[in-house]
Amino acid sequence: ELAESKKIRRVGSQQVGWISVADAMTVYDRSLAGFFADSKDIISKMNMRVVVDCACGPASLIMPDLLNELGCEVITLNAHRPRNPMFLPNPESLVRLSETVKATGAALGIALDAEGRHAVIVDSQGRIRSAEETASVNLHSRYDPNPNATVVVGSSVHPSVFQGLNKNIIYVEHGEPGGLARAVLEHRAIYGFNDTGLYVLPVFSPGSDGLVASLTVLRQMAYEKVASTDLYRKHQIFSQRRAEITFPIK
5 ELAESKKIRR VGSQQVGWIS VADAMTVYDR SLAGFFADSK DIISKMNMRV VVDCACGPAS
65 LIMPDLLNEL GCEVITLNAH RPRNPMFLPN PESLVRLSET VKATGAALGI ALDAEGRHAV
125 IVDSQGRIRS AEETASVNLH SRYDPNPNAT VVVGSSVHPS VFQGLNKNII YVEHGEPGGL
185 ARAVLEHRAI YGFNDTGLYV LPVFSPGSDG LVASLTVLRQ MAYEKVASTD LYRKHQIFSQ
245 RRAEITFPIK
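Quick note: the sequence shown uses the numbering used here, first residue 5, plus one each step.
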């Protein structure tokens, strides 16, 4: 239609427009920094040492510098480019992270997966905390008193996570990748998580983000002026799972 209309203005090469490509990594990094900018001073005053296992993923280009920007002393693990694929975190890497946290007197340990979607937290005494406990910390740190607010959770999460929260809880089955994020969007939920360490905070991103979940824990430690062990003690949840088991009757 444009060609047939003959409304085409010809210009010299110096007047031709240009196309720019945004650096996604920089955009994400600055968005994350801006999201926690209001907590920068209070986190910095805590003088915390943080150990972060970047799982040899892109988070190694963001998380250490961002933690340093927030005033933390940073110790990194697996921030290199490996010769062979590494599937992290795994039991051995979590034990190594726990031992490093204890040996260095760190305030917190963070284990990310290669995509930065999952996160596992290790407290200051080297204890590996459950996804439910981290979600509980996240939910209380961003507490919304609106009783109509919705939280989407994996179907195996135990109701004890929600003690003290006046929220509408919707359970979703473990399904295809992205199912949790889609359920959060569909139900207009304020938060979503499951027991595998996926955390969706839609006010920042429509997908799961382990970096946001981890930094929210760090911020809550600073606001309450407590060690991670004491913070998680308030949210201690013994491992419980919801499951339906069918026994054959003979």
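From the three backbone atoms N, C-alpha and C, an ideal C-beta is built for every residue, glycine too.
Counting pairs of Cβ atoms below 8 Å between the region 194-213 and the region 136-143, do you hit three or more?
yes
Rounded Cβ spacing between L92 and L215 (contact assumed at less than 8 Å)
That belief does not hold up - the Cβ atoms of L92 and L215 are roughly 15 Å apart, past 8 Å.
Apply the 10 Å Cβ neighbour rule to Q129 and answer buried if 16 or more other Cβ atoms are within range, or exposed otherwise.
exposed
DSSP beta-bridge partners of D57
L81 and A115
Kindly indicate the opening and closing residues of the beta strand (DSSP E) around F208.
Element bounds for F208: n/a, residue is neither H nor E.
Give me, in chain order, the residues of the same chain whose beta-carbon lies closer than 8 Å to that of S209; leave out the 5 immediate sequence neighbours on both sides.
V216
Using a 10 Å radius around the Cβ and a threshold of 16 neighbouring Cβ atoms, would you call V99 buried or exposed?
exposed
Label V155 either buried or exposed according to how many other C-beta atoms from any shown protein chain fall within 10 Å of its C-beta, with 16 as the threshold for buried.
buried
Under the DSSP definition of a beta bridge, which residues are partnered with G196?
V156 and V204
What does a CB cutoff of less than 6 Å around K44 pick up in its chain, not counting 5 residues either side in sequence?
L74
Going by alpha carbons, who is nearest to A231 out of L36, V54 and L65?
V54
Tell me the rounded alpha-carbon separation between T108 and P151.
42 Å
Would the beta-carbon of S102 be found less than 7 Å away from any heavy atom of the ligand ZN?
Looking for the ligand ZN in the displayed structure turns up nothing, as the structure carries no ligands at all.
Among the candidates N88, K171, M67 and R192, whose CA atom is the shortest distance from the CA of H144?
K171
Distance CB(L222)-CB(L112) smaller than 8 Å
yes
State the Cα-Cα distance for the pair V78 and R13, rounded to the nearest angstrom.
56 Å
Applying the criterion that 16 or more other CB atoms from any shown protein chain within 10 Å of the CB defines a buried residue, is A123 buried or exposed?
buried
Among G61, F166 and L71, which residue has its Cα nearest to the Cα of A118?
G61
Can you tell me whether DSSP reads I173 as helix, strand or coil?
strand
Once you ignore the five residues that flank N51 on each side, which residues in its own chain have a CB closer than 6 Å to its CB?
none
Given a cut-off of 8 Å, decide if D57 and L36 are closer than it, judged by their beta-carbon atoms.
no
Beta strand (DSSP E) containing A123: first to last residue?
A123 to V126
Three-state secondary structure (DSSP) of V221
helix
Kindly indicate the opening and closing residues of the alpha helix (DSSP H) around N72.
M67 to E73
Going by DSSP in three states, V230 sits in which element: helix, strand or coil?
coil
Within 10 angstroms of the Cβ of N198, are there 16 or more other Cβ atoms? Answer buried if so, exposed if not.
buried
Three-state class that DSSP yields for I132 in the structure shown:
strand
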